[in-house]
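In my numbering, the protein residues as written are 521 to 720.
Here is the structure we will look at, set down as structure tokens.
If you want it as structure tokens, here you go:
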């Protein structure tokens, strides 16, 4: 993340790996990203903001935005780019709790913590009634919990942490089960899939 270049991967315990698109995350928003930005209203909380490409774009549209990420290098990069960001877990105390108009979980960040129902309940605490959660999901029908490590593909790995991968059907099911979210639309762009949830 410090260099803005890969390769980096999420390594699963079974030996398979999923590439992390570091270069895209560190670049300006692409056309698919802009379909998310176009749906943002009011104050925006970017959960797992990474190097801050959404924060910069939202500021250019004069929207109040805050990013949070547990990676200090990503947060530092976001701040250098002009975004407002905190190095903090989504489960920690956060500014504006209960008042955010829009929250983002893109780039697979619905997997944070390895427990999507818990994450959806937490985001419901953060977003105001009538607000929106914009989520990027897996392109396929998935609902899996796993332990992963970040690695460079050459043998260097970080420590394991819990993660999850969800498709849109599973996301909508878990969201409805919380009693706090209801589906508000789905779309595809650039080979990526997104779901909008409305805070009840």
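Ideal Cβ placement from N, Cα and C applies to all residues, glycine included.
Residue i and residue j: beta carbons closer than 8 angstroms?
i	j	result
residue 646	residue 686	no
residue 652	residue 716	yes
residue 694	residue 649	no
residue 575	residue 589	no
residue 691	residue 630	yes
residue 604	residue 586	yes
residue 552	residue 710	yes
residue 664	residue 644	no
residue 635	residue 528	no
residue 564	residue 625	no
residue 562	residue 622	yes
For residue i, collect the residues of the same chain with a Cβ closer than 6 angstroms to its Cβ; drop the 5 residues on either side in sequence, then sort them by chain order.
i	result
residue 678	669 and 670
residue 607	592 and 595
residue 538	530
residue 708	none
Applying the criterion that 16 or more other CB atoms from any shown protein chain within 10 Å of the CB defines a buried residue, is residue i buried or exposed?
i	result
residue 667	exposed
residue 714	buried
residue 627	buried
residue 547	exposed
residue 617	exposed
residue 597	buried
residue 720	exposed
Among residues of its own chain, excluding the 5 on either side of residue i, which ones have a beta-carbon nearer than 7 angstroms to its beta-carbon?
i	result
residue 689	661
residue 549	557, 573, 574 and 577
I need the boundaries of the beta strand (DSSP E) containing residue i, first residue and last residue.
i	result
residue 622	620-625
residue 531	528-532
residue 607	605-607
residue 720	Note, residue 720: premise wrong, no beta strand (DSSP E); not H, not E.
Give me the Cβ distance between residue i and residue j, rounded to the nearest whole Å; I'm assuming they're in contact under 8 angstroms.
i	j	result
residue 702	residue 718	5 angstroms
Using a C-beta cutoff of 8 angstroms, does residue i count as contacting chain C?
i	result
residue 587	The displayed structure is made up of one protein chain only, and chain C is not part of it.
What does a CB cutoff of less than 8 angstroms around residue i pick up in its chain, not counting 5 residues either side in sequence?
i	result
residue 641	698 and 700
residue 696	702 and 703
residue 555	707, 709 and 714
From which residue to which residue does the alpha helix (DSSP H) around residue i run?
i	result
residue 694	688-698
residue 577	573-580
residue 553	551-557
residue 594	592-600
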